[in-house]
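**Q** The following block contains the structure, expressed as structure tokens.
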Amino acid sequence: MDKCHFDYIDPSFDANSAAQATLNVIVGTESISLYGAGPAGEPLALKTQTLSAGQSDTLSLKTEWSKVLEEEAILNWSYESARCAVFNAQATLVPRRMFDADRLPEYFTLLLPPGDYTYGYDVLTEYECFLAYAADPTLDSLAEQYFPGEKPTHLATSWLKHLHNIAPANDFAIFANLRHQIVQVAVLDRQNLLFYNSFQCQRPNDLLYYILLIYDQFKLDPETIPLTLSGCVEEGSETYRLLLRYIREIRLAQAAPQQRQGPAGIPGHYWLDLACLAAMPRS
């Protein structure tokens, strides 16, 4: 899969100017990324750190998470506000009429192997549903430790809210956001959310399989319905070219309205999910 590493700090950004900035951090099983934004939303810092431990090695992941969070100076400055999103593949949509916050584990009975999980949920009023998620307790505790007073959200929540704003009003749309070896896929019909899920993708062929499966499941024609990509994908890469052999039109996601011009060499679609997190209204 394509690599999507970026490491940018504005020369004027320091611990003093951080007091007028906002910090947005995504902590996941595959990477940690951050976006420090100035008063006008301008990027003061954009960084990503890939984790090597893998999802199944909780102890090693905990060590890596802690090391990055402790050693990254930017994460230890004081900000006007800070927000954290957790990201993993264990998230599911629950219609509003069927949701019960006291029964979160039941939504994952058939989806997850037995284990120790921390459960949470976010509200998606745009779609009349809730997004429930199960996280490694270490992931959740680290988010709370480094962002006290800020309830972590799941990354899918801010991304799906953004898609509601940009989806066509009179047609279907398929979106995919790639974070290293996990892809999020959403299908919308006239701004109504029909499908959301995440998949593990070790190779470009894995991604192609899941994308074409979604086209087939919803009887959508890849000759007429474009695919919009964001995250770790480069135009012209092996992954991009493989998808283009089967899908007539592939679009790289345009920058979100709230994204200011990013630094040279870091396309807006690389850090779209960070910008979506920054733009999400606070509860």
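Quick note: to get my numbering, add 3 to the position in the sequence shown (first position is 1). Where a beta carbon is used, it is the ideal one built from N, C-alpha and C, also for glycine.
From this set, K164, R285 and Y149, which residue's C-alpha is nearest E73's C-alpha?
**A** Along the sequence shown, read from residue 1 onward, the residue named residue 73 stands at position 70. Looking at the Cα atoms, Y149 is the closest of the given residues.
**Q** Could you tell me the distance, in whole angstroms, from the CA atom of I253 to the CA atom of T242?
**A** Counting from one through the sequence shown, the residue named residue 253 turns up at place 250. Counting from one through the sequence shown, the residue named residue 242 turns up at place 239. Answer to the nearest angstrom: the Cα atoms are 11 Å apart.
**Q** Taking the alpha helix (DSSP H) that T242 belongs to, which residues open and close that run?
**A** Position 239 of the sequence shown, counting from 1, holds the residue named residue 242. T242 -> alpha helix (DSSP H) spans E241 to L247.
**Q** Could you please give me the residues that DSSP links to A40 through a beta bridge?
**A** Start at 1 with the first residue of the sequence shown, and residue 40 comes out as number 37. Paired residues: T25 and P46.
**Q** Out of A137, L166 and D17, state which residue places its alpha-carbon closest to the alpha-carbon of P155.
**A** Translated into the one-based positions of the sequence shown, residue 155 becomes position 152. The shortest C-alpha separation from P155 is found at A137.
**Q** Skipping 5 residues on each side, what residues in its chain have a beta carbon closer than 6 Å to that of Y213?
**A** Walking along the sequence shown from the start, residue 213 turns up at place 210. Result list for Y213: F202, in chain order.
**Q** Are G234 and N180 close, meaning C-beta to C-beta below 7 Å?
**A** Translated into the one-based positions of the sequence shown, residue 234 becomes position 231. Translated into the one-based positions of the sequence shown, residue 180 becomes position 177. Yes.
**Q** Just to confirm the assignment: which complete beta strand (DSSP E) runs, minimum length 3, are found wholly within the stretch 122-171?
**A** The stretch 122-171 contains these whole beta strand (DSSP E) runs: 132-138.
**Q** To the nearest angstrom, report how far apart D10 and R100 are at their CA atoms.
**A** In the sequence shown, counting from the first residue as 1, residue 10 sits at position 7. In the sequence shown, counting from the first residue as 1, residue 100 sits at position 97. Approximately 44 Å, taken between the alpha carbons.
**Q** Is the separation between the beta-carbon of T160 and that of A135 shorter than 7 Å?
**A** Translated into the one-based positions of the sequence shown, residue 160 becomes position 157. Translated into the one-based positions of the sequence shown, residue 135 becomes position 132. Against a cut-off of 7 Å, the Cβ pair of A135 and T160 comes out as no contact.
**Q** Where does the unbroken alpha helix (DSSP H) through C279 begin, and where does it stop?
**A** For the purposes of this step, residue 279 is taken as residue 276 along the sequence shown, with counting starting at 1. Here the alpha helix (DSSP H) through C279 covers L275 to A282.
**Q** Does the distance from the C-beta atom of Q194 to that of H157 stay below 7 Å?
**A** Counted from its first residue, the sequence shown places residue 194 at position 191. Counted from its first residue, the sequence shown places residue 157 at position 154. Against a cut-off of 7 Å, the Cβ pair of H157 and Q194 comes out as no contact.
**Q** By DSSP, does L255 sit in helix, in strand, or in coil?
**A** As a working mapping, residue 255 is identified with position 252 in the sequence shown. If DSSP states are grouped into helix, strand and coil, L255 belongs with the strands.
**Q** State buried or exposed for K50, treating a residue as buried only when at least 16 other CB atoms are found within 10 Å of its CB.
**A** Indexing the sequence shown from 1 puts residue 50 at position 47. Buried.
**Q** Since Y120 is in the alpha helix (DSSP H), which residue starts that stretch and which ends it?
**A** Counted from its first residue, the sequence shown places residue 120 at position 117. No alpha helix (DSSP H) contains Y120, which DSSP labels as neither H nor E.
**Q** What separation, rounded to the nearest whole angstrom, lies between the Cα atoms of G268 and R106?
**A** As a working mapping, residue 268 is identified with position 265 in the sequence shown. As a working mapping, residue 106 is identified with position 103 in the sequence shown. Cα to Cα, the separation comes out at about 45 Å.
**Q** Between the alpha carbons of A24 and Y122, how many angstroms are there, rounded?
**A** Within the sequence shown, the letter at position 21 stands for residue 24. Within the sequence shown, the letter at position 119 stands for residue 122. Their Cα atoms are separated by approximately 30 Å.
**Q** Does the distance from the C-beta atom of V186 to that of N200 stay below 7 Å?
**A** Counting from one through the sequence shown, the residue named residue 186 turns up at place 183. Counting from one through the sequence shown, the residue named residue 200 turns up at place 197. No, the Cβ-Cβ distance between V186 and N200 is not below 7 Å.
**Q** Threshold first: 4 residues or longer. Then list the alpha helix (DSSP H) segments lying entirely within the stretch 58-117, N to C.
**A** If we require 4 residues or more, the alpha helix (DSSP H) runs fully inside the stretch 58-117 come out as 61-74.
**Q** Please state whether DSSP places D174 in a helix, a strand or coil.
**A** Looking up residue 174 in the sequence shown gives position 171. Coil at D174, not helix or strand.
**Q** Helix, strand or coil: which one does DSSP assign to D219?
**A** Taking the first residue of the sequence shown as 1, we reach residue 219 at position 216. In the structure shown, D219 sits in a helix (DSSP, three-state: H, G or I).
**Q** So Y124 packs on F111, CB below 8 Å; how close in whole Å?
**A** Residue numbering aside, residue 124 sits at position 121 when the sequence shown is read from its first letter. Residue numbering aside, residue 111 sits at position 108 when the sequence shown is read from its first letter. Wrong, their Cβ atoms sit about 12 Å apart, outside the cutoff.
**Q** What do you reckon, are the CB atoms on A146 and V71 nearer than 7 Å?
**A** Within the sequence shown, residue 146 is the residue found at index 143, counting from 1. Within the sequence shown, residue 71 is the residue found at index 68, counting from 1. No, Cβ-Cβ distance for A146 and V71 is not below 7 Å.
**Q** Can you tell me whether G271 is helix, strand or coil according to DSSP?
**A** In the sequence shown, counting from the first residue as 1, residue 271 sits at position 268. Looking at G271 - three-state DSSP - the assignment turns out to be helix.
**Q** Under the three-state reduction of DSSP, which class applies to I250: helix, strand or coil?
**A** As a position in the sequence shown, residue 250 is number 247, starting the count at 1. Looking at I250 - three-state DSSP - the assignment turns out to be coil, as it is neither helix nor strand.
**Q** Is it right to say N208 is buried, meaning 16 or more other beta carbons lie within 10 angstroms of its own, or is it exposed?
**A** For this step, residue 208 is matched to residue 205 along the sequence shown. The residue is exposed, with fewer than 16 neighbouring Cβ atoms inside 10 Å.
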